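J.: One structure, pasted below without further comment.
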Amino acid sequence: MKKKKWNRVLAVLLMMVMSISLLSGCGGKSTEKEDAETITVYLWSTNLYEKYAPYIQEQLPDINVEFVVGNNDLDFYKFLKENGGLPDIITCCRFSLHDASPLKDSLMDLSTTNVAGAVYDTYLSSFMNEDGSVNWLPVCADAHGFVVNKDLFEKYDIPLPTDYESFVSACEAFEEVGIRG
Numbered sequence: 005m006k007k008k009k010w011n012r013v014l015a016v017l018l019m020m021v022m023s024i025s026l027l028s029g030c031g032g033k034s035t036e037k038e039d040a041e042t043i044t045v046y047l048w049s050t051n052l053y054e055k056y057a058p059y060i061q062e063q064l065p066d067i068n069v070e071f072v073v074g075n076n077d078l079d080f081y082k083f084l085k086e087n088g089g090l091p092d093i094i095t096c097c098r099f100s101l102h103d104a105s106p107l108k109d110s111l112m113d114l115s116t117t118n119v120a121g122a123v124y125d126t127y128l129s130s131f132m133n134e135d136g137s138v139n140w141l142p143v144c145a146d147a148h149g150f151v152v153n154k155d156l157f158e159k160y161d162i163p164l165p166t167d168y169e170s171f172v173s174a175c176e177a178f179e180e181v182g183i184r185g
């Protein structure tokens, strides 16, 4: 009887040791993930989250990327700066260089990065501070205006566009005379 009892106690102890070993093995992964570097990214729209968050998380599996749909309001980021809570990365829409200047000292200089090197110098200069630093980068198709050849408009008697509809009409009119682009 004693031998049966001893075997049962030993079996229970072994099961406990195995359970603890298995659980600690599982727990190690979540601890590693919790200990991994966390980058906070504030997005200016939910559309960005839906499109880019899954891709970024797939590309950086060992980094916790915390996405927050923030705000596209400079006052919001000024408030966060004053209270020590700026995120690691800010995405925004239509901040001018002048508007963003209060955040300059809290932002990384991107002027020597590969990403800044991919932007045309003439366009990048619009985002350059007086000291040559660049804290904001334009995004694709971030147009701030148009440059037109007025001589072409006059030559083909096409009115200068003043809104989106007249812009589309002008493009169609140019295409009819064989000018594309």
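My numbering numbers the first residue of the sequence shown as 5 and each following residue consecutively. Heads up, the beta-carbon is just placed ideally off N, CA and C, and yes, glycines get one too. All figures in this text were calculated on a predicted structure; none of them were measured in a lab.
1. List, from N- to C-terminal side, the alpha helix (DSSP H) runs of 4 residues or more that fit wholly inside the segment 67-98.
2. Please classify residue 59: is it buried, with 16 or more other beta-carbons within 10 angstroms of its beta-carbon, or exposed?
3. Less than 8 Å separating the beta-carbons of residue 95 and residue 127?
4. On a Cα-Cα basis, can you pick out the residue from 82, 41 and 89 that is closest to residue 66?
5. Are the beta-carbon atoms belonging to residue 113 and residue 137 less than 8 Å from one another?
6. Assign residue 131 to buried or exposed, taking buried as 16 or more other Cβ atoms, counted over all protein chains shown, within 10 Å of its Cβ.
7. With a threshold of 8 Å on Cβ separation, who are the neighbours of residue 72 within its own chain once the five nearest residues in sequence on each side are excluded?
8. Secondary structure at residue 124, three-state DSSP: helix, strand or coil?
9. Counting C-beta neighbours from all protein chains within 10 Å, is the total for residue 30 16 or more, i.e. buried, or is it exposed?
10. DSSP three-state label for residue 197, please.
11. Look at residue 1 and residue 75 and say whether their C-beta atoms are less than 8 Å apart.
12. Report the three-state DSSP secondary structure of residue 184 (helix, strand or coil).
13. Nearest-angstrom Cα distance between residue 153 and residue 122?
T.: Taking the definition as stated:
1. 78-86
2. exposed
3. no
4. 41
5. yes
6. buried
7. 44, 45, 46, 47 and 91
8. coil
9. The predicted position of residue 30 is uncertain, since its pLDDT is 45 and thus under 50; a value taken from the coordinates is nonetheless stated next. Result: exposed.
10. The requested residue 197 is not part of the displayed model; the chain covers only 5 to 185.
11. Since the first and last residues shown for the chain are 5 and 185, residue 1 lies out of range.
12. coil
13. 27 Å
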